[in-house]
Ligand SMILES: *Cc1c(COP(=O)(O)O)cnc(C)c1O
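Residue numbers (the working numbering): 1113 to 1488.
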């Protein structure tokens, strides 16, 4: 048996929409399919304004530009995250203040945030790891009195919720990813969610290379001009058409992924009850989206041995982030705080194969191999 870690899922609707886009003959960005994708999210989740972007990394860069982040500013975020979360703000010259994860799951330790705030703090970026929500009420409560912007890196959090609120829709800004490894994909792609209406116009300008072209296209201005800083953050219509073909099947995809997640949880619960490994912690306020399934081992050596054992049995499992405060680029810039939990997840977390086509029999096999590892 050979089980890969990820396999992109095709709904079968993508080719139809790709040919429609080609047939319409408008391939550059901000056309009908881009609008349809944005409207899909605005209608389904009640987002005020969304902008389809070339990636989540780019949506995060837009967020940094929109908030006017610059040298001398500090931005608080978890160290256990993808490099783009930090890169977007570091590119603008900000200092990144890395926070530890909480002991129960890799999300930022909410109780630490207050102690990291200084007069220079301009933003708090939270990451909903595995589509499992951070404690957003608490985070907003800490940020609001200081007038600090909250950005949700919801790259993994599409169609997941905090209480009854969709992730990405709670902070001032939110971002999604449609990278091949995410629940819904256009190969590369992302989205900026603008929850603060006062930033909508500026967001469109940054998106359209610093011009007011979006307003021009709506007939609101007579000519379009360079009005501010921006870049080319729009994907072409083919990318939007592909994504639309995925969105049409969003509910079926989500249902399947949640079943896979639950099956893993069911199969591995005995091992967790025996104390061999721990399973994802989903707080009561979080409704996750079956983005990934991970286990946390008791030590780094054990994690690496388990990875090797799975590999030997044809199962491709992978670890996840290396902490950013320890990265070659940031090590010398970090203030020296030891981030125990983040380092622990970097050393002991392991992700199991997870994709739409994964069969129950394969989950049983993977779980059986893990059990065999622990019975030796
Ligand atoms: C995938 C991911 C990103 C980057 O998304 P891209 O669309 O590949 O740029 C950023 N942050 C997190 C937490 C991610 O998981």
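Every residue gets a Cβ at the ideal spot worked out from N, C-alpha and C, and that includes glycine.
These numbers were taken from a predicted model, which means no experiment stands behind them.
query                                                                                                                                                          : result
Helix, strand or coil for residue 1204 per DSSP?                                                                                                               : coil
Rounded to whole angstroms, what's the CA-CA distance from residue 1151 to residue 1145? Just pull it up for me.                                               : 10 Å
Mind checking who residue 1161 pairs with in its DSSP beta bridge?                                                                                             : 1306
Going by C-alpha to C-alpha distance, which of 1416, 1347 and 1210 sits closest to residue 1163?                                                               : 1347
Within a Cβ cutoff of 6 Å, which residues of the same chain sit near residue 1175, ignoring the five residues on either side of it in sequence?                : 1263 and 1285
If we count the other Cβ atoms within 10 Å of its Cβ and call it buried at 16 or more, is residue 1450 buried or exposed?                                      : exposed
Residues near ligand 1, CB to any non-hydrogen atom under 7 Å, in chain order?                                                                                 : 1167, 1168, 1169, 1170, 1172, 1193, 1194, 1196, 1197, 1239, 1265, 1267, 1268, 1289, 1290, 1291, 1293, 1294, 1300, 1301 and 1302
Short check: CB of residue 1054 to CB of residue 1160, under 8 Å?                                                                                              : A query on residue 1054 cannot be resolved here, the shown segment of the chain reaching from 1113 to 1488 and no further.
Select from 1193, 1200, 1229 and 1280 the residue whose C-alpha is nearest the C-alpha of residue 1213.                                                        : 1193
Would you call the CB atoms of residue 1246 and residue 1220 closer than 8 Å?                                                                                  : yes
Can you tell me which of 1234, 1275 and 1374 puts its alpha carbon nearest to the alpha carbon of residue 1256?                                                : 1234
Which two residues bound the contiguous alpha helix (DSSP H) that contains residue 1330?                                                                       : No alpha helix (DSSP H) contains residue 1330, which DSSP labels as neither H nor E.
For the region 1449-1466 against the region 1394-1411, are there 3 or more C-beta pairs whose distance is under 8 Å?                                           : yes
Pull up the DSSP beta-bridge partners for residue 1338, would you.                                                                                             : 1323
Tell me where the alpha helix (DSSP H) around residue 1072 begins and ends.                                                                                    : What is shown of the chain runs 1113 to 1488, which leaves residue 1072 out entirely.
Run through the DSSP bridge pairs and tell me what residue 1463 is partnered with.                                                                             : 1406 and 1430
Would you identify the three-state DSSP class for residue 1450, choosing helix, strand or coil?                                                                : coil
Counting beta carbon pairs with one atom in the region 1290-1309 and one in the region 1165-1172, are three or more of them shorter than 8 Å?                  : yes
Quick one: complete beta strand (DSSP E) runs, 3+ long, within the region 1200-1267?                                                                           : 1207-1211, 1233-1239 and 1261-1265
List the whole-angstrom C-beta distance separating residue 1237 from residue 1187, where the pair is believed to meet the contact cut-off of C-beta under 8 Å. : 6 Å
For residue 1456, which option in 1408, 1442 and 1317 has the closest C-alpha, if you only look at C-alpha atoms?                                              : 1408
If you follow the alpha helix (DSSP H) that residue 1475 is part of, which residue opens it and which one closes it?                                           : 1472-1487
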